[in-house]
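A.B. asks:
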Amino acid sequence: MFHSSTFQRGFSLIGLFLLVSFFIVLLAVGLFIVNPAKQYAQENNTTRANNVLLIANALGQYITHQGNVPPNMTLSDQEISGGGVDLCKLLVPDYIVAFPKDPALNSQDATTCPTEYTTGYTIRLNNDNSFTISAPATAVPPAKEIISVTRKIIYEK
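The numbering of the sequence shown is my numbering, which starts it at 68 and goes up by one.
Written out as structure tokens, the structure reads:
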């Protein structure tokens, strides 16, 4: 004689626990590989590098065409701002469309130059007839890298 047995369909508690555990481990590995905080920091540093290069190129064009360096530039690092070395009024709109700002400031680039503004970038005149634009607020763990561009000063003859 055949004995009829009943089969229960569905997941056992242990099977469900293993499935959920597998997805949690998969999610943790995915977050470790992607690391959104590091990706965001690297994106900001790419923006900083582009901005520093943009400012250096525009300032190089200004110096070449004007035949002199902007006023207030010294041999020490100074902030590029309305209260420091004011490059915005010299460069916008003739040499650059909008003056870039550090992404950490959460503000738009300046298409018009207010009296008081800050960029988050610095400038320094060097002894070897060059200038350096830097982005001191870089942030890629574990060590802070300094993003900077140095340009030789060339005067038009």
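Note that beta-carbon positions come from the ideal geometry of N, C-alpha and C, so glycine has one too.
1. If you compare alpha carbons, which of V216, D144 and V152 is closest to V136?
2. Are Y188 and S201 closer than 8 Å when you measure CB to CB?
3. Given 8 Å as the limit, is there contact between the segment 137-144 and the segment 108-125, that is, 3 or more CB pairs closer than that?
4. Specify, as a first and last residue, the run of the beta strand (DSSP E) that Y107 falls within.
5. So for L187, helix, strand or coil by DSSP?
6. Report the option in L126, T185, T186 and E183 whose CA atom is closest to the CA atom of L157.
7. Straight-line CA distance for G149 to P103?
8. Could you tell me the alpha carbon to alpha carbon distance between V96 and C155, rounded to whole angstroms?
9. What are the boundary residues of the beta strand (DSSP E) that includes K219?
10. Ignore the nearest five residues each way along the sequence and tell me which others in T205's own chain have a CB closer than 7 Å to its CB.
11. Would DSSP call V96 helix, strand or coil?
12. Would you decide whether I130 is buried or exposed? Buried here means 16 or more other CB atoms lie within 10 Å of its CB.
13. Do A171 and V159 have their CB atoms nearer than 8 Å?
14. Thinking C-beta only, is T186 closer than 8 Å to D169?
C.D. replies: Well, looking at it:
1. Per the C-alpha coordinates, the member of V216, D144 and V152 positioned closest to V136 is V152.
2. Remark: C-beta atoms of Y188 and S201 approach each other more closely than 8 Å.
3. No, because fewer than three Cβ pairs between the segment 137-144 and the segment 108-125 fall closer than 8 Å, the two stretches do not touch.
4. Unbroken run through Y107 is the alpha helix (DSSP H), P103 to Q133; no beta strand (DSSP E).
5. Reading off the sequence shown, one finds Gly at residue 187, where the question assumed Leu. Here G187 carries a strand assignment [DSSP, helix/strand/coil].
6. The option with the nearest alpha carbon to L157 is L126.
7. Roughly 34 Å separates the two Cα atoms.
8. Answer to the nearest angstrom: the Cα atoms are 46 Å apart.
9. Looking at the DSSP string, the run of the beta strand (DSSP E) that includes K219 is I214 to K219.
10. Only residues of its own chain outside the window of five on either side were considered, and among them N112, R115, K211, E212, I213 and I214 have a CB closer than 7 Å to the CB of T205, listed in chain order.
11. For V96, the three-state secondary structure derived from DSSP is helix.
12. In summary, I130 is buried, with 16 or more beta-carbon neighbours lying within 10 Å of its beta-carbon over all protein chains present.
13. By the CB criterion at 8 Å, A171 and V159 fall outside the cutoff.
14. Pairing D169 with T186 gives a Cβ-Cβ distance under 8 Å.
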